[in-house]
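What follows is a short report on a single structure.
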Amino acid sequence: MKEPLLRTERLVKRYGGLLATDNVSIDVRPGEIHALIGPNGAGKTTLVHQLTGVVAPDSGTIHFAGHDITRLPTHARVRLGLGRSFQITSVLREFTALENVALAVQGHAGHSFRFLADARRDETLRAPARRLLDEVGLGARGSVLASALSHGEQRQLELAMALAGDPTVLLLDEPMAGMGVEESQRLIGFLRALKQKHAMLLIEHDMDAVFQLADRITVLVYGRAIASGTPGEIRANAEVRQAYLGEEMA
Ligand SMILES: Nc1ncnc2c1ncn2[C@@H]1O[C@H](COP(=O)(O)OP(=O)(O)OP(=O)(O)O)[C@@H](O)[C@H]1O
Numbered sequence: 001m002k003e004p005l006l007r008t009e010r011l012v013k014r015y016g017g018l019l020a021t022d023n024v025s026i027d028v029r030p031g032e033i034h035a036l037i038g039p040n041g042a043g044k045t046t047l048v049h050q051l052t053g054v055v056a057p058d059s060g061t062i063h064f065a066g067h068d069i070t071r072l073p074t075h076a077r078v079r080l081g082l083g084r085s086f087q088i089t090s091v092l093r094e095f096t097a098l099e100n101v102a103l104a105v106q107g108h109a110g111h112s113f114r115f116l117a118d119a120r121r122d123e124t125l126r127a128p129a130r131r132l133l134d135e136v137g138l139g140a141r142g143s144v145l146a147s148a149l150s151h152g153e154q155r156q157l158e159l160a161m162a163l164a165g166d167p168t169v170l171l172l173d174e175p176m177a178g179m180g181v182e183e184s185q186r187l188i189g190f191l192r193a194l195k196q197k198h199a200m201l202l203i204e205h206d207m208d209a210v211f212q213l214a215d216r217i218t219v220l221v222y223g224r225a226i227a228s229g230t231p232g233e234i235r236a237n238a239e240v241r242q243a244y245l246g247e248e249m250a
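Heads up, the sequence shown is in the UniProt record's numbering, so the first residue is 1 and it goes up one at a time.
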């Protein structure tokens, strides 16, 4: 079995008397999509916030790429290759898709001395930005203003912007939210193609997408990881069916 890239050990986060994450140990290995599922309030967002450095755990550790990152600030984690997409990326609506990705490439390359206007024209930024747009299926939409993209396309754009940092692990927070069936299916195809280069921790409520995409699934209920395994194992797990999946997967 491959060594994990990202690993938490017994992560605990309390809010007053509530255990939002209760000794959660989870890992992400090279080439895989590991999905984290569970009912509302199970602690998924709290776990991701601890991984990104937004929330400090009360106890437990987080290791990434050979480093103990438990107390590192967010930007240091990003620099090590821990990326995040959705719900934080700031797409500039009045810039084109290509310009947005070029700016993300610039941001990750640390060219902060350049002016914004330059970044939009700079071929050394636009060339990798074009490749990233191709990778997420937006190659033909580079010259379209971000504000004119469909909801699904904006999600693809955010994904391209997250990939600009070439993350070894990508945290995806509900990427399918608000998407129609066709858009979700397209995104599933792109994510599947990307996972060899960018392992992923996927938080998603759309169980069809989860069971299509995940190599492994961990189920969180009341802050506790009650089961972890392949999609087949999770589907067959009596405790999971009772606590969460219910009739949905019957
Ligand atoms: N800042 C906070 N202060 C107090 N309680 C919080 C805070 N953040 C989260 N909680 C509580 O911790 C628990 C876990 O919440 P969290 O948002 O992590 O769950 P979730 O699995 O992401 O839910 P959802 O699927 O609805 O996004 C919930 O009971 C929530 O009310």
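The C-beta atom is built at its ideal place from N, Cα and C for all residues, glycine as well. Treat the numbers as computed from the prediction; the structure is a model and nothing was measured.
The residues V101, L132, L133 and V136, in chain order, have a CB closer than 6 Å to that of A160 in the same chain once the five nearest residues on each side in sequence are set aside. Taking non-hydrogen atoms of ligand 1 into account, the C-beta of Y15 is found less than 7 Å away from one of them.
Setting aside the 5 residues that flank it on each side, L163 is surrounded in the same chain by L132, each with a C-beta closer than 6 Å to its C-beta; the list follows chain order. In the structure shown, D58 falls within a coil segment according to DSSP collapsed to helix, strand and coil.
C-alpha of G223 to C-alpha of V91: approximately 32 Å in a straight line. Distance from P175 to G83 at the Cβ level is roughly 13 Å; contact not present, criterion being Cβ atoms closer than 8 Å. In the three-state reduction of the DSSP assignment, E239 falls in the helix class.
Short note on A20: C-beta closer than 7 Å to some heavy atom of ligand 1. With respect to the C-alpha of D58, the residue from V12, A20 and A209 having the closest C-alpha is V12. Just measuring C-alpha positions, the residue of N23, P4, L103 and L149 sitting nearest E123 is L103. Look at N40 here: in three-state DSSP terms it is coil, with no helix or strand label.
Secondary structure note for D22: its beta strand (DSSP E) is the uninterrupted segment L18 to V28. Placement of the Cβ of K44 at a distance of less than 7 Å from at least one heavy atom of ligand 1 is found.
Placement of the Cβ of N40 at a distance of less than 7 Å from at least one heavy atom of ligand 1 is found. Inter-residue distance for E3 and R29 is about 6 Å (C-alpha atoms, whole angstroms).
In this structure L36 is not in contact with L170, their Cβ atoms being roughly 13 Å apart against a cut-off of 8 Å. Beyond the five residues adjoining it in sequence on each side, G16 comes within less than 8 Å, by CB distance, of no other residue in the same chain. About 5 Å separates the CB atoms of H63 and R7; that is less than 8 Å, so the two are in contact. Within a 10 Å sphere around the beta-carbon of S85 sit 16 or more other beta-carbons, which makes this residue buried.
DSSP places E3 outside both helix and strand once states are collapsed to three, so it counts as coil. Rounded to whole angstroms, Q212 and I188 show a C-alpha spacing of 8 Å.
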